[in-house]
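Add 546 to a position in the sequence shown, counting from 1, and you land on the number used in the numbering used here.
Encoded as structure tokens, the structure appears first; notes follow it.
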Amino acid sequence: MFIEGNYDAVVIGAGHAGAEAALALARTGQKTLLVTLNLDSVAFLPCNPSIGGTAKAHLVREVDALGGEMGLIADESALQVRMLNAGKGAAVQSLRAQVDKNRYHSLMKGVLERTENLHILQAEIAEILTANGKVAGVKTSYGSKILCRAVVVATGVYLGAETLTGKLVKKAGPNGFERAEKLTKSLISLGYHVRRFKTGTPARLDARTIDYSLLERQEGEDVFPFSFLHTKVPKAQTPCFVAYTNERTHEIIRNHLDRAPLYNGQISSTGPRYCPSIETKVVRFPDKERHQIFLEPEGADTAEIYAQGLSTSLPHDLQREVYRSIKGLEHCEIMRYAYAIEYDCIDTLDVLPTLESKHVENLYTAGQINGTSGYEEAAAQGIVAGINASLKLRGLSPLVLRRDQAYIGVLIDDLVTKGTDEPYRMMTSRAEFRLSLRQDNADLRLTELGRACSLVSDKRYKVYCKRKREREDTLKFLDSRADGKIAEEIVLSRNEPAPKSGLSFSDLLRRGVSIFELREKFGILKDTPNDILTSAQTEIAYEGYLKANAKEMEKAKRMEERPLPEDIDYQSIQGLRLEAREKLSRIRPLNLGQAERISGVSPADITVLMIYMSLRK
């Protein structure tokens, strides 16, 4: 057999999970091979060419804080940047960037190609090879063997993929790329439980055939970037536009549900609840008069427009009719038709919190193969899988982020503790400590951890230290006394009683005065970056809530620090309910904190476990 190479690690798939995993491995000194079905699909954006969004932006900034690449590339390829939920609390405010699809791909591919210790190969992996319960290598569909000590599987939606448009079914991955034919069988043989999920994408329209004068214009904003290494977003930003469906649109869909694969029995796999097709929206919300559609550019060098909100698997003739029923799109031409895509993924109850397999040592999974949706969720898992594979190869302790440390911790804990029966999407509501897990403090939470894993570069760490010092200096300054006369004028202008004693700048912030108003009125902090000011204002304004949050976080941390031995026989523990025994035996939680989050494990079961542990000691 042809031995094609010998590496420390092989990463299968070069999407957002695979790219971050490969970079994490190579940058921490591991000789790494990144294998992709097609080099043209590296860091490809098969659905919306956007990065970030509600809760997803938190993941991107956390990936960046750990030393990842997604935030840097998103900033450099951004066409438009906005802050979502700007009128709401700091915990749910989220960056979102519309990026240039081709530029994002080419920039990330360039970074991968220039990275030391990293080689890239176009090939299909057909089998994962093992010896004595450990990874030994991989086998290509060509028949060659690649030896390695660790594997990260990051195959996205390519495993056994099929695209559906009306009655037309193609054995292909997204955008017509080749699918992975053989790896699913190998994963099943290694003990993974495999199931079938679905996602979809809307049509791409020709910008020249859209009447923008009839649509709402949406401009970009001057906000902070994704990466902590950058200071500004692009000055010139491309506008997006908003359109709406109408009763005519809905009538076309209702009258032809017998031709919709989602409703005529063609599709039986589970789709994303939070990103439904237009057919699903019309059926699920029969009383809604219209649905919002965002028309977003695919890139600076193309006329293709992404119609966010109009995902569908209807046949081509109905797609055209549906799109042209919308105001402003009456004469639109479709450049690429929409489709649904079904693919294989695994049950993440087969996965440890490190993203390592419970069945095969040194085998990791990351991204949509773990049942998630979204580029950001994929990148977050990719960097953790890459870090942990590297740490394992170096004989070091793994990185397991807690729910009180990062959205990444919430994401992975949800997957490996609760599992998911539908494509998992990150949301701020999933994070119980979201007030402490904000975009602005991701570096303060995670950069030291990334540095300890050898992933954070000297350059990044220097920027982090400077930013941390600026923030601390700003908070200290804001505790100082403000000019009494100006402070009194501000308070009175807000129809509040005059202060009986002097006020600090922090006191004014707690009264709801903006830190930017303080800068203007008092002439202070003029050289301090806006993102530092915003972060400091949030820290002061929410001080009471953050203290209460900290107490709950400490309580949760104590539970996480009470490990459960790997050899526990849950079936033999008297007092545990039958359901709890089955769930605990399947998931095998690492600690009491994880155990109490398992669906089907009650507080009484946790008490039994605590008694058992004390007796065992």
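The beta-carbon is built from N, C-alpha and C at its ideal position, and this holds for glycine as well.
Keep in mind it's a predicted model, so treat the numbers as computed, not measured.
Taking its Cβ as the centre, do 16 or more other Cβ atoms sit within 10 Å of residue 760, making it buried, or is it exposed?
Answer is exposed; the Cβ neighbour count stays below 16.
Of all Cβ atoms in chain D, is any one closer than 8 Å to the Cβ of residue 753?
In summary, chain D is missing from the structure at hand, where a single protein chain is found.
Over what stretch of residues does the beta strand (DSSP E) that includes residue 850 continue unbroken?
Here the beta strand (DSSP E) through residue 850 covers 850-854.
If you reduce the DSSP assignment to three classes, tell me which class residue 559 lands in.
It is coil, neither helix nor strand.
State the beta-bridge partners of residue 978 as determined by DSSP.
Answer is none; residue 978 lacks a bridge partner.
Can you find the residues in the same chain that come closer than 7 Å, C-beta to C-beta, to residue 507, ignoring five residues on each side of it along the sequence?
Absent from the structure is residue 507, since the part of the chain shown begins at 547 and ends at 1163.
For residue 607 and residue 715, I'd like the C-alpha separation in whole angstroms.
Cα-Cα distance, rounded: 38 Å.
Comparing alpha-carbon positions, which option in 584, 696, 582 lies nearest residue 911?
Residue 696 is the option with its Cα nearest to residue 911.
What are the start and end residues of the alpha helix (DSSP H) that includes residue 942?
That residue, residue 942, is in no alpha helix (DSSP H); it is neither H nor E in DSSP.
State the DSSP-derived secondary structure class of residue 552, mapped to helix, strand or coil.
Three-state result, residue 552: strand.
Looking at residue 888 and residue 815, is the spacing between their C-beta atoms short of 8 Å?
In contact: residue 815 and residue 888 (Cβ atoms closer than 8 Å).
What separation, rounded to the nearest whole angstrom, lies between the Cα atoms of residue 797 and residue 748?
Rounded to the nearest angstrom, the two C-alpha atoms are 19 Å apart.
Do the CB positions of residue 976 and residue 956 come within less than 8 Å of each other?
For residue 976 and residue 956, yes; Cβs fall inside 8 Å.
Using three-state DSSP, classify residue 934 as helix, strand or coil.
If DSSP states are grouped into helix, strand and coil, residue 934 belongs with the helices.
Can you tell me which of the three DSSP states residue 1072 falls into?
Of the three classes helix, strand and coil, the one that applies to residue 1072 here is coil, per DSSP.
Helix, strand or coil for residue 636? Go by DSSP, reduced to three states.
Of the three classes helix, strand and coil, the one that applies to residue 636 here is coil, per DSSP.
What's the call for residue 1044, buried or exposed, on a 16-neighbour Cβ count within 10 Å?
That one is exposed.
Let me know if residue 916 comes out buried or exposed under the rule of 16 or more other beta-carbons within 10 Å of its beta-carbon.
Classification of residue 916: buried, given that the 10 Å Cβ count is 16 or more.
Taking the Cβ atom as the reference point for each residue, do residue 620 and residue 645 lie within a distance shorter than 8 Å?
Contact flag set, yes.
Residue 1010 and residue 774 look like a contact to me (Cβ under 8 Å); what is the Cβ gap, rounded to whole Å?
Correct: roughly 7 Å between the Cβ atoms.
What is the DSSP secondary structure of residue 1109, reduced to helix, strand or coil?
Of the three classes helix, strand and coil, the one that applies to residue 1109 here is strand, per DSSP.
Would you kindly report the start and end of the unbroken alpha helix (DSSP H) that includes residue 1011?
1004-1024 is the extent of the alpha helix (DSSP H) around residue 1011.
Would the region 689-707 and the region 933-943 be scored as touching if the rule is three or more Cβ pairs under 8 Å?
Touching, yes.
Less than 7 Å separating the Cβ of residue 600 from some heavy atom of the ligand ZN?
Summarising the ligand content, the structure contains no ligands, and the ligand ZN is consequently not present.
Just how far apart, CA to CA, sit residue 1133 and residue 927?
Distance between the alpha carbons of residue 1133 and residue 927 is about 19 Å.
Would you mind stating whether residue 918 and residue 924 have Cβ atoms separated by less than 8 Å?
Closer than 8 Å, so yes.
Which residues in the same chain as residue 946 place their Cβ atom closer than 7 Å to its Cβ, once the five residues preceding and following it in sequence are excluded?
Excluding residues within five positions, the ones whose Cβ falls inside 7 Å are 899, 900.
Pop quiz: residue 884 and residue 865 are said to be a contact at Cβ under 8 Å. What is the actual Cβ separation, rounded to whole angstroms?
Confirmed, about 6 Å.
CA-CA distance, residue 713 and residue 825?
Spanning the two alpha carbons is a distance of roughly 16 Å.
Does the separation of the CB atoms of residue 1055 and residue 1087 fall below 8 Å?
A contact, by the Cβ cut-off of 8 Å.
Span of the beta strand (DSSP E) holding residue 665?
Per DSSP, residue 665 belongs to the beta strand (DSSP E) from 664-668.
Do you know offhand how far residue 1050's Cα is from residue 1076's?
The straight-line gap from Cα to Cα measures roughly 20 Å.
Apply the 10 Å Cβ neighbour rule to residue 610 and answer buried if 16 or more other Cβ atoms are within range, or exposed otherwise.
Buried, since its Cβ has 16 or more Cβ neighbours within 10 Å.
Since residue 717 is in the beta strand (DSSP E), which residue starts that stretch and which ends it?
Run containing residue 717: none; DSSP gives neither H nor E here.
By alpha-carbon positions, which one of 555, 570, 1068 ends up nearest to residue 680?
It is 555.
Can you check which of these residues, 745, 730, 571, 591, is closest to residue 663 by C-alpha distance?
Checking every option, the nearest Cα to that of residue 663 belongs to 571.
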